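K.L.:
Chains as they are written, first to last, in my numbering: chain A, 18 to 174; chain B, 18 to 174; chain C, 62 to 137; chain D, 62 to 137.
Shown below is the structure under consideration.
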Amino acid sequence: MKNSMFIITSEPVSIEEVTQKVVRREAGAIVNFIGTVREFTKGKRTLSLQYEAYPSMAEKQLAKIGEEINEKWPDAITAITHRTGKLDISDIAVVIAVSTPHRKDAYAANEYAIERIKQIVPIWKKEQWEDGEEWIGDQLENKSYPKGKPEEVENND
Amino acid sequence: MKNSMFIITSEPVSIEEVTQKVVRREAGAIVNFIGTVREFTKGKRTLSLQYEAYPSMAEKQLAKIGEEINEKWPDAITAITHRTGKLDISDIAVVIAVSTPHRKDAYAANEYAIERIKQIVPIWKKEQWEDGEEWIGDQLENKSYPKGKPEEVENND
Amino acid sequence: MINIKVFAHLREKLGGEQLTVDHTEITVKELLQELAEKYSIKTDSIMVAINEEYADSEDLVQSGDTVALIPPVSGG
Amino acid sequence: MINIKVFAHLREKLGGEQLTVDHTEITVKELLQELAEKYSIKTDSIMVAINEEYADSEDLVQSGDTVALIPPVSGG
């Protein structure tokens, strides 16, 4: 399973390991995105994070992002590993690696991947602060899915 | 010297090592660019590459790119290591790591760094093919610097 | 019988990872209405997956299917 | 004396990494003209650095400076 290109794991994520999966003779460019736990968000101090996933579906959705990337950038190869469980400040939550023959495509495809993860992959983040904790993305109910599923394109920061 | 953020080295480059230099509590996003030796360029097969640098000046120019990035993206931290000497297919020539609080800046600053490396850092690549070898970027003399130095903005692929 | 997986704040609210409801066939929309009433949850922002694929509100859930209630995701 | 470092194809063409020329003071432009004639090299595409900083064609090179002839770069 560790050899799969799209993984949900409770183990620490190795940048090298994810990157190695996309190295190939045809590619001259690899772009990585590494999401780490940030201490301050909008002035509020985070102590730690808890990530929960629906792992089997999340891996399918990551693979779907890989397919979408191949429709848009046929020469790109993508590997993504997302961690679950308790993470401390600066721990790695996600590594996305994309290799392409030319670098502009690697940047664009990589950025597309992280945008899509935030839209369609069933993973949830609970922030632990000094004065409480909260699941992110739900409690304000400021998002709704009238169609019962995510739109194809939707931008959230 | 290995602790410096901007390094020219004849040793293999570690993605982890360069990335670790930019990890910090304030940053939630790291983008890496990893330039590897590609086998085919415009249909021509490369056997290996030789990189030569003017190391002391090249490290100063890399540091200058870091300063330029901090003018444009004040919250970004940049580390760059470029290798010299003989490289085989898929070997890493350069690793650029940029960390920022928010991801869009990390992508933009990282792409800026690789563009600038290709403009102002005194490093030269010699391609070895089956039927010969050639220093890249000079032999066609299709570039000229009437002012004796590179323009501030110039795009080459 | 339809198995229903719940996650994140919903899992905490409903006190478990899995519920079951007894239907031979029901639309996603009807199922959400039933769950909203039974468990006093808001379902406006809930996405639904049937057997690990996102579903539309008019899609049919059948006995034996696994449904997941998916609150707005926040990975990455 | 002015030290001149050369790189890449220029180094191979001139058969070494370092040349010297004897001037107390000379502009970049004049120095390039002199080198172009002396070594039969084209200097249109050559950038010049004085003591590891890029220089303009009107900048002055002085005795003791290290000049680098920098062909179009191709790193990355």
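We put the beta carbon where it would ideally sit given N, CA and C, even for glycine.
Remember, predicted model here, so these are calculated numbers, not experimental data.
1. So is B/Arg-120 buried or exposed if we call it buried at 16+ other beta carbons inside 10 Å?
2. Measuring alpha carbon to alpha carbon, tell me which residue in B/Gln-37, B/Asp-122, B/Glu-69 and B/Arg-62 is nearest B/Glu-147.
3. Out of D/Leu-92, D/Met-62 and D/Thr-88, which one is the CA nearest neighbour of D/Thr-81?
4. Does the contact criterion of 3 or more C-beta pairs under 8 angstroms hold for the region 93 to 103 of chain B versus the region 116 to 132 of chain B?
5. Going along chain C in order, which residues have a C-beta closer than 7 angstroms to the C-beta of A/Ser-73?
6. For A/Gly-52, go through chain B and note every residue whose CB falls closer than 9 angstroms to its CB, in chain order.
7. Take B/Asn-49 and list the residues in its own chain whose beta-carbon comes closer than 7 angstroms to its own, dropping the five residues that flank it on each side.
8. Do the CB positions of D/Ala-129 and B/Glu-69 come within less than 9 angstroms of each other?
9. Using only CA atoms, which one of A/Ala-75, A/Arg-42 and A/Arg-41 lies nearest to C/Asn-112?
10. Please report whether the beta-carbon of C/Ala-69 lies at a distance below 9 angstroms from any beta-carbon of chain A.
11. Return the chain-ordered list of same chain residues with a C-beta closer than 6 angstroms to the C-beta of B/Lys-142, the five sequence neighbours on each side being excluded.
12. Less than 9 angstroms between CB atoms is the rule here; does A/Glu-69 satisfy it with respect to chain C?
13. Give me the subset of the region 127 to 141 of chain A whose CB atoms are less than 9 angstroms from a CB atom of chain C, sorted by chain position.
14. Sort B/Ser-116, B/Asp-105 and B/Ala-123 by Cα distance to B/Gly-52 and report the nearest one.
15. Who are A/Asn-49's beta bridge partners in DSSP?
16. Helix, strand or coil for D/His-84, going by three-state DSSP, please let me know.
17. Reducing DSSP to helix, strand and coil, say where A/Ser-31 ends up.
18. Does any residue of chain B have a CB that is nearer than 9 angstroms to the CB of D/Val-82?
19. Using only CA atoms, which one of C/Gln-79, C/Val-89, C/Val-67 and C/Pro-133 lies nearest to C/Asp-117?
20. Which complete alpha helix (DSSP H) runs does the region 76 to 113 of chain A hold, if anything under 4 residues is left out?
21. Since B/Met-22 contacts B/Gly-83 with CB under 8 angstroms, what's their CB separation in whole angstroms?
22. Determine, using beta carbons only, whether C/Val-109 and A/Lys-135 come nearer to each other than 9 angstroms.
23. Where DSSP assigns a beta bridge to C/Gly-136, which residues make up the other side?
P.N.:
Well, looking at it:
1. Per the 10 Å Cβ criterion, buried.
2. B/Arg-62
3. With respect to the C-alpha of D/Thr-81, the residue from D/Leu-92, D/Met-62 and D/Thr-88 having the closest C-alpha is D/Met-62.
4. yes
5. Glu-113
6. Gly-45, Ala-46, Ile-47 and Arg-120
7. Ile-32, Thr-36, Val-112, Ile-113 and Ala-114
8. no
9. A/Ala-75
10. Closer than 9 angstroms to some Cβ of chain A, the Cβ of C/Ala-69 qualifies, so yes.
11. Leu-66, Tyr-68 and Ile-153
12. yes
13. Ile-131, Glu-132, Ile-134, Lys-135, Gln-136, Ile-137, Val-138, Pro-139, Ile-140 and Trp-141
14. B/Asp-105
15. A/Ala-114 and B/Asn-49
16. coil
17. coil
18. no
19. It is C/Val-89 whose Cα lies nearest to the Cα of C/Asp-117.
20. none
21. 6 angstroms
22. no
23. Partner(s): none; C/Gly-136 has no beta bridge.
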